[in-house]
Structures are given as structure tokens and as C-alpha cells.
Amino acid sequence: MTGQYSFKNGLQNIATIGPGTTEHIPFENPTMAELLKEQQYSTHMLGKWHLGYAAWNMTPTGRGFDSYFGYMQGMGDYYNHTILDGYDFWDNQDDIHTKVMNEYSTGLYDKTVHKILDAYNQSSKAEPLFIYMAFQTVHTPIEISPNTYDECNGITYDGRKIYCNKMQYLDNTILDYVNAFKAYDLWDDTLVIFSTDNGGMPYWEDKPNSPVVSYGCNMPHRAGKATLFEGGVHGIGAIAGGDNVIPSHLRGTQSNILAHAIDWLPTVLAGVIGAKLPDNVPFDGISMWDALMNPTQSKALWNRTTLYIDIEKNGTFAGVIDGDMKFFQGEQMYTAYFPCNGTYTPYDNTSDTDTVWLFNLKNDPGEYNNLAKDNPDLVKKYQNMIYDFIENDGYVPEQDDTMQIDSNPIFHNGVWAPFLN
């Protein structure tokens, strides 16, 4: 959302932003929506915000979006729209949880996108359109979707089958979006970006109702979400769109450049629409557009060889990719491999006591062979790189994650609502 590392916003806490805290995107760091408003875009957001809500100016409509429809916490029930002991579902600044009670969130987003497109089609304004859709699927809780699908019938493991049906519902919703853009004659000039913030959360311990246990699969990568292994940080992105945006000869091509979610902001602003990024903002992201539009020249057009994957707790939980090498340190939540659709076998990750990790990703993409003990000089090099970033490159310690008493839903009609004046 900012084109900057989370650890330059103070939002890198692996526990994420909890209900009732004052954590938020610092106001000096512009969001993609705020920058697109400067380019005369109509901006709309749906889904999960989770970037601060203690005051209205921290929420989507306070950070550049003309409209917002969704929930502001990190997770929630797909049907009753609760988290812990409070409700959380909004239309702009209106609490609407009673109006949407027992309606599946993904279906609600589908209806709302149609409303946005219909209003846009009828508008006399000529402003371009930006929609940021942060789907709830497939975050926990893994609840049964309204529909079941033949594609999931062959899965015998109940949790994984529910997970599959939720994903099929999401796939069909995205197809409906594409068809809607085509029906309104918008598709030829539309760019669609699919991105992720982390790998899947597998069923890594035998606690089916835990908020940090799910049914994701990252094979052949190791571990998953909330760890610094490839299963946690190696995501998949994709772009699609009309012929006026993506030349037909590029359809089906792939790119393996070393990229990050921070790159989407400069890609959209500078690469796609040709806007000049503000000089007074220390962006970490780089526009990928030239490299993606010219895949045969990507090596010459893309020169990033180093990427920090996280820096938390003043560097004690941190990692960096440097060329073929990947280094990270800190105790990981879990460390095993989780086969897709397999029967869960309890795994005691306390038996894996390593807290310093070094891998050659070119030779060992599955991260089987920890090279740290045999390469102390490389370990020291990467630790020094991390500590140098902390000292000289804008690292911001984690924001205060204390739950504020005034935030309690009992003071806000049972709702997790902004609580600062």
C-alpha cells in the first residue's frame, strides 16, 4: 500500500495489528490510493484493511479511498462478521453488520463491485477507476462456503475440501468481475493485478480451531505463513487485462525476477500510468512494468539482487535474499514440510533447534540443507547488512501494540469502531 518495507512503517510485528491498538500507516507515508487521487482517479476499496483504524483518518476513507466496503481488523467470521467479542463490517464509515448478518463476505464483495461498476458506467465524469479488492478468502476461520464444486470432490480430507471449495467460490467471483468489466466495455483498458502477502498457512499443529492453523499447501517450499522459509515468503503474482494494456503476445509468459509486494505501487504509478513519484518519499519498491512487458530483456531491465524479507525486533528476527543466497535468523513458528491433501501427522518442531539459517536457493530451493554452521563469514556478512539497514536505511521499531481500554466493543454498541477523538 505504501511501496515501502513494513519495517519502515513500524508495522512488521509478526503478530500483526490487533484489535484495539493505535497502530497505523504513518501519515507521512502516502498510500497508493492517495497518490492515485492526485492523478484524478476514482478510488474504491473492498475487503480487509488491517492497516489501522483507531481514528477515522487511519481508515481507508481517510487514506485516499473514495469508498470502502469491508472489515478493518485482521480476520473475522465470514457470516456473522465478528472477531473476538465485537462486530466489524463497514460501508464507508457506517457500521452495517446487522444488514449483512449471515451473508458470506465474498458474495457481498461481488455485489458491491457490480454497484461500483454500474455507478461508474452511469457517471458523466471521465476520471479513471482504481479498485483495490483485498479478499478475505482464504484466511482463517476456514468456514464452509455457500457452494460446493465438482473440482473438490476428489479430496477426502475434510479441512482441505472446505479450503478447496472456498477457493473455487473465489475463482468464480473473480471470473464474474472480469465478465462485468467486459459487459460495461471497460475490459480493453483494464489492468488486473493478482498478488499475495504471504504463503499459505498449513495445518502445522493439531488444533483445528486455531486462528493460526489452516489447510494451505506450499510444496515444494518449506513451512509456510508466519515463517521466513520460502513457504512463508515466496508468493505468486499475476497480471491480466485488455489488449490496450497487455499485448496479446505476452499472454502466458512468466517472469522470475526478484520482486516484492512493495513493487506494485511504483509499477502502477510510474510504470503503468506514467506518474512521477514524490521525491520526498523513500520508496523501496521498483517499477516492474518494463521487465514484465519485455520478458526477453528482463535481466537487463531488472537489476535487483538483494531483498530484505523482514526485519523485526531490532534484527533478531530478520532475513535477506542476496543473489542465490538466503539468510534469516530467529525462532520460526514451525519448520516442516506439509504435503498437499495428505493426512496430517503431528510434527514436533521443538526438535529443530536452529535459529540461524543460510541456504543456496539456486541449488536448494526446498531449503533442506542449512549452510549456516559451515559458513560463519557469510552469516556475519548478512547479519551486518541487516544491522546496517537498521542503523542507516530508515528502520522503524514496531509500533505500540497495546490494546487500548477505550477500544472495547462494549463502549461502541458491540462494534470494533474507531475510538480516538
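For the sequence shown, my numbering gives the first residue as 936, with consecutive numbering after it. Where a beta carbon is used, it is the ideal one built from N, C-alpha and C, also for glycine.
- When only Cα atoms are considered, D1335 and K983 end up about 21 Å apart.
- Under the three-state reduction of DSSP, D1093 is assigned to helix.
- As the crow flies, the alpha-carbon of S1145 is around 8 Å from that of P1076.
- The alpha-carbon separation between I1244 and T1162 amounts to approximately 11 Å.
- Fully enclosed beta strand (DSSP E) runs of no fewer than 3 residues occupy 1064-1069 and 1126-1129 of the stretch 1064-1131, in order along the chain.
- Beta-bridge pairing by DSSP links I1256 to L1242 and K1261.
- It is roughly 42 Å from the alpha-carbon of T1017 to the alpha-carbon of M1260.
- The Cβ neighbour count for N1298, taken over all protein chains shown within 10 Å, is under 16; the residue is labelled exposed.
- For I1051, the enclosing alpha helix (DSSP H) covers residues S1040 to Q1057.
- In the structure shown, E969 adopts helical secondary structure according to DSSP, grouped into three states.
- Residue burial is scored here from C-beta neighbours: D1219 has at least 16 other C-beta atoms within 10 angstroms and is therefore classed as buried.
- A distance of 9 Å or more separates the beta carbons of D1029 and Q1008.
- Counting the other Cβ atoms within 10 Å of the Cβ of D1120 gives fewer than 16, which makes it exposed.
- Every unbroken stretch of the beta strand (DSSP E) spanning 3 or more residues and falling wholly within the stretch 1273-1341 is given here in chain order: 1291-1295.
- Taking every protein chain shown into account, the CB of D1085 has fewer than 16 other CB atoms within 10 angstroms, so this residue is exposed.
- Approximately 6 Å separates the beta-carbon atoms of L1242 and H1195; this is inside 8 Å, confirming the contact.
- Selection Y1269, L1064, L1355 and F1116 evaluated against I1208 yields L1064 as nearest (Cα-Cα).
- DSSP places A1235 in the uninterrupted alpha helix (DSSP H) bounded by S1233 to L1236.
- Bridge pairing for F1004: L981 and D1026 [DSSP].
- In the three-state reduction of the DSSP assignment, G1209 falls in the coil class, being assigned neither a helical nor a strand state.
- Assigned with DSSP and collapsed to three states, V1035 falls in coil, not helix or strand.
- In the three-state scheme derived from DSSP, where H, G and I count as helix and E and B as strand, G1176 is classed as strand.
- Scanning the stretch 1153-1199 from its first residue to its last, the whole alpha helix (DSSP H) runs of 4-plus residues come out as 1165-1168.
- Burial check for M993: the Cβ neighbour count within 10 Å reaches 16 or more, so the residue is buried.
- Counting C-beta atoms within 10 angstroms of its own C-beta, K1160 has 16 or more neighbours from the protein chains shown and is therefore classed as buried.
- Between the alpha carbons of R1186 and D1198 lies a gap of roughly 21 Å.
- Scanning its chain for C-beta atoms nearer than 7 Å, with the 5 sequence neighbours on each side dropped, one finds around L1019 the residues P954, in chain order.
- With a cut-off of 8 Å on Cβ pairs, the stretch 1322-1340 is in contact with the stretch 940-953, counting three or more such pairs.
- Annotation: the continuous alpha helix (DSSP H) that includes A1226 extends over W1224 to M1228.
- For V1350, the three-state secondary structure derived from DSSP is strand.
- Closest option to G1172, judged by alpha-carbon separation, among V1127, V1035 and R1157: V1127.
- If you check the CB distance, L981 and Y1044 come in under 9 Å.
- Looking at the backbone, the Cα of Y1138 and that of G1089 are separated by about 19 Å.
- DSSP places I1345 in the helix class (H, G or I) of the three-state scheme.
- For T1072, the CB contacts under 6 Å within the same chain, skipping 5 residues up- and downstream, are T1041, K1101 and L1105 in chain order.
- Around the Cβ of G1134, a 10 Å sphere holds 16 or more other Cβ atoms; the residue is buried.
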